[in-house]
Amino acid sequence: MEIHDFVPLVSGFIAGFFLGLAYFRLMHYSIEAYTQSGIAAGITIGVIARIVVAALAFWLLAQWSSLALLSGLFGFIIARYRVLKSEGFDHA
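In our numbering, the protein residues as written are 7 to 98.
Here you go:
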């Protein structure tokens with residue numbers, strides 16, 4: 007691994023981590039909103055928007071390099087763990 011490999015590695019991880027934080031926080035808020043109101047129309051639009059944004063972000067990382075994509079996916083998974091831990095789900 008050379009020094010120029012660290013830019014996509016670190017940038018991909020940071021992008022994936024913050025994408026994951028936003029994705030899973032918004033998922034948590036959507037679930038809370040649905041359980042309180044029971045209205046599924048707005049929730050469905052939110053789910054589709056989250057999936058499209060995440061897919062677009064990972065597609066962009068893949069266009070940059072495979073190392074950026076893999077580190078982005080790793081950051082996304084770490085963010086999932088972080089969000090679940092902060093919400094009290096220790097065994098996720």
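Built from N, CA and C at the ideal position, the CB exists for glycine as well. The structure displayed is predicted, hence computed values, not measured ones.
Contact the stretch 38-54 vs the stretch 65-85: 3+ CB pairs below 8 Å: no
Excluding the five sequence neighbours on either side, which residues of its own chain have a C-beta within less than 7 Å of the C-beta of F19, listed in chain order? By one-based count along the sequence shown, residue 19 stands at place 13. Once the five neighbours on either side are set aside, the close Cβ partners of F19 are S77, G78, F80, G81.
Contact set for Y40: own chain, Cβ-Cβ below 6 Å, skip 5 residues either direction: Stepping through the sequence shown from its first residue, residue 40 is reached at position 34. Correct list, in chain order: I49.
C-alpha distance - E38 paired with F23, whole-angstrom precision: Taking the first residue of the sequence shown as 1, we reach residue 38 at position 32. Taking the first residue of the sequence shown as 1, we reach residue 23 at position 17. Taking the straight line from one Cα to the other gives about 23 Å.
Segment limits, alpha helix (DSSP H) that includes G94: Walking along the sequence shown from the start, residue 94 turns up at place 88. Premise fails: G94 is in no alpha helix (DSSP H) and is neither H nor E.
Take A63 as the anchor and find which of I54, L75, H10, V89 has the nearest alpha-carbon. For the purposes of this step, residue 63 is taken as residue 57 along the sequence shown, with counting starting at 1. Cα-wise, what sits closest to A63 is L75.
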